[in-house]
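Participant: Below is a structure I'd like to ask you about.
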Amino acid sequence: MDHAYAIEKLTAFLDDLNAQLADIDAADDAEKDWPDWPQDLNLDLVLARQIVEAYSPYILAELNQYDRNERVYWNIVRQAVTEALGLARSADEIAAFLRPTSPSIAGDALHPWVWEPAAPLWAAEAHQDAVLAGARVVNRRLQLKLNRHDIGEKDLCLQSFSPAPPASGKPRLRFDGDRDTPTWKARQEGAMYLSAGAFLGIRNLAAHEEQVAWTQQEALEYLATFSVVARWIEECAVEAAP
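Reminder that position 90 of the sequence shown reads as 90 in full-length UniProt numbering, one-by-one numbering, no gaps.
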């Protein structure tokens, strides 16, 4: 239901109805038959009934209480439409109140490798540059941890998290746990592909596109992705070749 549309139509209907009731009160015409009421008001009631039904079948039932006393009937109409108007006006607020509480991502709770370089840029609403700054520091930290400065980003992630044994000059990052279990192997490969994908799909876009169409929420999610990668890098132990 388009609440703004419903509010507009119900408000206009009530204005017309209240004007008609006021005219009758002024003329003290208590015997006026409702078929003699203005035709446009009766036609507008058709739409009003549809809107009322969309908000509450209970309220619609009130409109079906026809009474030979037309003044009583139209007062019932006014009450029912007013109730529906109240529901329309408060629909968004009610929906928000009933919506399950959702968690939120706090920027300053992200890994410091990501948030500290990103924070001043984020404050300046340079979200693309903030993501790029966070990604660059994560890459730099990975290079420092493995003492590898010959490669970086995607290639270094693929090599560092690779389940393959370390080779000369190519140390690996290793999670704690039993390496013979499928879970450990899956986690190792997952970190390898996710970290490489973050640099391919996020960092490269931020670095090479003049302006990306990221919303603030999207940019925050991308920062959170690099925060996950940063936590994995920090958590893992370095394993070098004998």
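For every residue, glycine included, the Cβ atom is placed at its ideal position computed from N, Cα and C. Small disclaimer: the values here were computed from a predicted structure and weren't measured.
Is the segment 206–217 touching the segment 144–160 in the sense that three or more CB pairs, one from each, lie closer than 8 Å?
Facilitator: In short, these stretches do not touch, since the Cβ pair count stays below three.
Participant: Quick check on Leu144: buried or exposed, where buried means 16 or more other Cβ atoms within 10 Å of its Cβ?
Facilitator: For the purposes of this step, residue 144 is taken as residue 144 along the sequence shown, with counting starting at 1. Exposed, since its Cβ has fewer than 16 Cβ neighbours within 10 Å.
Participant: Could you tell me whether the segment 4–12 touches the segment 76–93, using the rule of 3 or more Cβ pairs below 8 Å?
Facilitator: Yes, they touch.
Participant: Measure the Cβ-Cβ separation of Val131 and Ala123 and say whether it is below 9 Å.
Facilitator: Taking the first residue of the sequence shown as 1, we reach residue 131 at position 131. Taking the first residue of the sequence shown as 1, we reach residue 123 at position 123. Their beta carbons are not under 9 Å apart, which means Val131 does not touch Ala123 by this criterion.
Participant: Just to confirm the assignment, what range does the alpha helix (DSSP H) spanning Val131 have?
Facilitator: Locating residue 131 in the sequence shown gives position 131, counting from the first residue. Counting along the chain, the alpha helix (DSSP H) containing Val131 begins and ends at His127 to Leu146.
Participant: Exposed or buried, which one is Ala237 when buried takes at least 16 other CB atoms within 10 Å?
Facilitator: For the purposes of this step, residue 237 is identified with residue 237 of the sequence shown, where counting begins at 1. Around the beta carbon of Ala237, a 10 Å sphere encloses fewer than 16 other beta carbons of the protein chains shown; the residue is thus reported as exposed.
Participant: Check each candidate in Ala241, Gly197, Ala240 and Leu220 and name the one with the smallest Cα separation from Ile105.
Facilitator: Numbered from 1 along the sequence shown, position 105 holds the residue referred to as residue 105. Ile105 has its Cα closest to that of Leu220, out of Ala241, Gly197, Ala240 and Leu220.
Participant: With a threshold of 8 Å on Cβ separation, who are the neighbours of Asp108 within its own chain once the five nearest residues in sequence on each side are excluded?
Facilitator: Start at 1 with the first residue of the sequence shown, and residue 108 comes out as number 108. Once the five neighbours on either side are set aside, the close Cβ partners of Asp108 are Trp115 and Ala119.
Participant: Below 8 Å on the Cβ atoms is my guess for Pro171 versus Glu239; work out the distance and round it to an integer in Å.
Facilitator: Sequence index remark: in the sequence shown, residue 171 carries index 171 (1-based). Sequence index remark: in the sequence shown, residue 239 carries index 239 (1-based). Pro171 to Glu239, Cβ: 6 Å. Contact.
Participant: Can you tell me the Cβ-Cβ gap for Ser195 and His111, rounded? I've got them flagged as a contact below 8 Å.
Facilitator: Indexing the sequence shown from 1 puts residue 195 at position 195. Indexing the sequence shown from 1 puts residue 111 at position 111. Not confirmed; about 13 Å, so no contact.
Participant: Do Ala80 and Val46 have their C-beta atoms closer together than 9 Å?
Facilitator: Within the sequence shown, numbered from 1, the residue matching residue 80 stands at position 80. Within the sequence shown, numbered from 1, the residue matching residue 46 stands at position 46. No, these two residues do not count as a Cβ contact at 9 Å.
Participant: Quick check on DSSP: helix, strand or coil for Glu209?
Facilitator: Position 209 of the sequence shown, counted from the start, is the residue given in the question as residue 209. In the three-state DSSP reduction, Glu209 falls in the coil class, being neither helix nor strand.
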